[in-house]
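The structure appears right after this line, and notes come after that.
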Amino acid sequence: MSRYIIILTTVVAVLTLTVGCTKPDRSDEAVALSKEIVNHGLSDVGHSVERVDSAEQAGLFTAVRANTIKAIIYENAGRRRLAAYYAEKAIAAEAGHTIATSADSSLYCKVRCVLGNDAYADGEYGKSITLAKEILAFVGDGTTPNDVEMKCRAIMQMADCENKLGHIAESEQLFLQCIDDLMTSTQRATDYGEIDPLIYTLLSLNDLYIDNKMPEKALPLMAKMDTAMARLTRCPNTPDWVMQKRRNNVTISKAMVYAANNQKEQAETLFREYQQFQGSGALDKAAEGLYLSMTGRYDEAVRLFDETDSIMRSNGDPVIDLYVKTLFNYKYEALQKAGRTAEALALGDRIRQLTDSIRQQERQADVEQLQEIKQQEEEIASKHQSLVVHRIILASAFLVCLLIAYLLWRSYKYNKVLTEKNRKLYEEIEQRRQEQQQEMELLQAAPEEQLTTEQQLFRRLCTLMDEQQPYTDETLNRDTLAQMAGTNEKYVEQAIRQCSKGETVSDFINRYRLEHVARLLKTTSDPIAIVGELSGIPSRATLARLFRNAYGMTPSEFRRAASAD
308 MSRYIIILTT
318 VVAVLTLTVG
328 CTKPDRSDEA
338 VALSKEIVNH
348 GLSDVGHSVE
358 RVDSAEQAGL
368 FTAVRANTIK
378 AIIYENAGRR
388 RLAAYYAEKA
398 IAAEAGHTIA
408 TSADSSLYCK
418 VRCVLGNDAY
428 ADGEYGKSIT
438 LAKEILAFVG
448 DGTTPNDVEM
458 KCRAIMQMAD
468 CENKLGHIAE
478 SEQLFLQCID
488 DLMTSTQRAT
498 DYGEIDPLIY
508 TLLSLNDLYI
518 DNKMPEKALP
528 LMAKMDTAMA
538 RLTRCPNTPD
548 WVMQKRRNNV
558 TISKAMVYAA
568 NNQKEQAETL
578 FREYQQFQGS
588 GALDKAAEGL
598 YLSMTGRYDE
608 AVRLFDETDS
618 IMRSNGDPVI
628 DLYVKTLFNY
638 KYEALQKAGR
648 TAEALALGDR
658 IRQLTDSIRQ
668 QERQADVEQL
678 QEIKQQEEEI
688 ASKHQSLVVH
698 RIILASAFLV
708 CLLIAYLLWR
718 SYKYNKVLTE
728 KNRKLYEEIE
738 QRRQEQQQEM
748 ELLQAAPEEQ
758 LTTEQQLFRR
768 LCTLMDEQQP
778 YTDETLNRDT
788 LAQMAGTNEK
798 YVEQAIRQCS
808 KGETVSDFIN
818 RYRLEHVARL
828 LKTTSDPIAI
838 VGELSGIPSR
848 ATLARLFRNA
858 YGMTPSEFRR
868 AASAD
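Going by our numbering, the sequence shown opens with residue 308, and the numbers climb by one from there.
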């Protein structure tokens, strides 16, 4: 039985040690769920973050994936501080995490894109460039669609930073490099998601050339824009709204390039085409107004900028920094060039007020996000503390289980040794009892004339003890025994000493008592205290001492040894 207890205890210890184990990252399922959560995060940030936590707790998401998805969700929601916080956590979680799949590679790049975008927004262009270079070094010469996408995003990030730093030539070269890579990689592309970055890069380089008074350099890009649109058209999964949006973007961008190069006929043809197909969105109106401003139709441009402002306010769009720097600045320039100085000055005041308001809102948003980050840190610290306590409890439970198993094993070994020892003692006791019985039988069978006086008296004493059992009386002593034998105590003591190997009268009486105890232990189930009283030894402590001295074991051990025999 003890052996089974030891095995069970060991199993419990192993289960206790492994109870905190997590499941491995199931890549395909994790990728699919990641996309779903990110898309849902555009409308419900809080619920999406909760789903990420649930997926991580269930073992579906690694810490790297969970923190990266949170960073993307918060970045899409415009909460840059939280996005950067979780991006930093994702990078910290990368330690010891092997990048073995394309999904892992994508996480590595995306989290650095998030941090790069945050650094760009804070004006830390050097840091943003460093993060982009990390992505490029990681991707290397990879040619998969994901590698090309990550590589081009990094190059675009560097190009935007170089432009902000005033390094126009470096920015231009980076844009051209990105365009060349994308023109090559999308030759046989059938997914609009692979071609869309090419169109966006071409549009960005057009803007760079126009803003920096180099419109002639944009002319060679016109054919590439037509090629990119043709590739987008052949993609079977291109949604109609994407097709219309990109067609409008390309058409008005080309019109601006031709207008900047004083090729008015081509510009007007494209502008009329744009007016025919454009939507009614605010950005479409703003682009039309910008073209009109470039071609000297300032009053018309101002009207369209006002319409854009009206549409955006009716849609409830927030007034952000980009809103002011583009729409209102374009309108301000158009008013000045139209000679409407008073209106321009009034708009300038409004721009300053809006800029101050935006800065105040950004500071307030930063404070709120920092408070949320602090709360997250406190929750993490609490969870970490709980985890430490949990691990201590697990370790303690494991050690206790090991200690119990060790004690049970020691007990099992001790009981095994003790049982074997008692078995041998019991055999010796039985053998000694049989020898004593044989000696007594020889003594009883011997003719009286052959016995000495002491032997005759000793035989009478033994017969008396066997037949009348006076030893069951706890008051039996040397005097009482002599009286019962019809002699004096001196002769009794002498006869016992000579015939029983030097025993005293007390030893002789106790031997009979203990033999009676042994018989009762073997033949009855009476409690040991009762057995002692029936044998003339009412004190249990005395019984235990006398029994151990005589037989080398306790009464209980003797009973077990007798029952096992």
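Every residue, glycine too, gets a C-beta built ideally from N, C-alpha and C.
Pull up the distance between the alpha-carbon of residue i and that of residue j, whole angstroms please.
i, j, result
"methionine 536", "glycine 500", "13 Å"
"serine 621", "lysine 552", "21 Å"
"glutamine 790", "glutamate 796", "8 Å"
"proline 452", "glutamate 431", "29 Å"
"proline 862", "isoleucine 700", "43 Å"
"threonine 648", "isoleucine 506", "38 Å"
"valine 549", "glutamate 441", "31 Å"
"valine 696", "glutamate 382", "35 Å"
"glycine 366", "alanine 400", "15 Å"
"serine 361", "threonine 369", "11 Å"
"valine 352", "aspartate 591", "29 Å"
"threonine 545", "asparagine 555", "15 Å"
"alanine 530", "arginine 541", "17 Å"
"leucine 324", "phenylalanine 705", "With a pLDDT of 40 at leucine 324, under the threshold of 50, the predicted position of this residue should be treated as unreliable, and no value is reported."
"isoleucine 803", "alanine 792", "13 Å"
"leucine 771", "glutamine 757", "21 Å"
"leucine 709", "tyrosine 719", "15 Å"
"aspartate 335", "lysine 342", "11 Å"
"threonine 329", "arginine 698", "For threonine 329, the pLDDT reaches just 43, beneath the cut-off of 50, and the residue's location in the model is therefore unreliable, leaving the point undetermined."
"glutamate 800", "threonine 849", "23 Å"
"serine 600", "phenylalanine 612", "10 Å"
"cysteine 420", "glycine 385", "14 Å"
"proline 754", "arginine 767", "14 Å"
"phenylalanine 865", "tyrosine 733", "7 Å"
"arginine 826", "isoleucine 816", "16 Å"
"glutamate 669", "glutamate 675", "10 Å"
"leucine 422", "glutamate 686", "23 Å"
"lysine 644", "lysine 520", "18 Å"
"lysine 723", "leucine 749", "39 Å"
"glutamine 582", "threonine 602", "15 Å"
"serine 350", "leucine 642", "38 Å"
"glutamate 580", "alanine 594", "13 Å"
Looking only at its chain, what residues have a beta carbon closer than 6 Å to the beta carbon of residue i, apart from the 5 residues adjacent to it on each side?
i, result
"glycine 449", "none"
"isoleucine 835", "Pro862"
"alanine 874", "Within the shown structure, residues of the chain are numbered from 308 to 872, placing residue 874 beyond reach of any answer."
"histidine 823", "Ser842"
Cutting at 7 Å between CB atoms, please list the residues of its own chain near residue i, excluding the five before and the five after it.
i, result
"serine 355", "Ile344, His347, Gly348, Ile380"
"valine 418", "Thr375, Ala378, Ala394, Ala397, Ile398"
"tyrosine 598", "Ile559, Ala562, Met563, Ala566, Phe578"
"arginine 538", "Thr493, Ala496, Ile502"
"asparagine 424", "Glu382"
"threonine 662", "Val631"
"aspartate 488", "Val455, Lys458, Cys459"
"glycine 843", "Tyr778, Thr779, Asp780, Glu781, Leu783, Arg820"
"leucine 526", "Val564, Asn568"
"arginine 855", "Thr861"
Start and end of the alpha helix (DSSP H) containing residue i?
i, result
"methionine 532", "528-541"
"threonine 760", "760-775"
"glycine 348", "334-348"
"leucine 853", "847-858"
"phenylalanine 482", "475-492"
"serine 832", "It is not in any alpha helix (DSSP H) - serine 832 carries neither H nor E in the DSSP assignment."
"isoleucine 270", "Past the boundaries of the shown model lies residue 270; the chain is included only from 308 to 872, so the question cannot be answered."
"arginine 466", "In the sequence on display, residue 466 carries alanine and not arginine. First-last of the alpha helix (DSSP H) with alanine 466: 452-471."
"glutamine 757", "No alpha helix (DSSP H) contains glutamine 757, which DSSP labels as neither H nor E."
Assuming the contact rule is C-beta atoms closer than 8 Å, residue i and residue j should be a hit. Round their C-beta distance to whole Å, please.
i, j, result
"alanine 410", "alanine 337", "7 Å"
"arginine 358", "leucine 414", "Not a contact, Cβ separation roughly 17 Å."
"glutamine 464", "alanine 444", "Rounded, the Cβ-Cβ distance is 14 Å, inconsistent with contact."
"aspartate 616", "leucine 634", "6 Å"
"alanine 466", "phenylalanine 482", "5 Å"
"leucine 389", "glutamate 679", "6 Å"
"alanine 869", "arginine 730", "Actually they are not in contact, since the Cβ atoms of alanine 869 and arginine 730 sit about 10 Å apart, beyond 8 Å."
Report all residues from its chain with a CB closer than 8 Å to the CB of residue i; omit the five preceding and five following residues, and keep chain order.
i, result
"threonine 794", "Leu764"
"alanine 428", "Arg387"
"phenylalanine 584", "Gln551, Arg554, Asn555, Thr558"
"asparagine 470", "Ser478, Leu515"
"valine 812", "Asn784, Arg785, Leu788, Glu796, Val799, Glu800, Ile803"
"glutamine 484", "Ile462"
"isoleucine 658", "Val631, Phe635, Asn636, Tyr639"
"alanine 683", "For the record, residue 683 in the displayed sequence is glutamine; it is not alanine. Counting only Cβ-Cβ distances below 8 Å, and skipping sequence neighbours, we find Tyr392."
| said: Quick check for students: name the residue ranges of the alpha helix (DSSP H) that lie wholly in the stretch 574-606, counting only runs of 4 or more. | reply: 589-601
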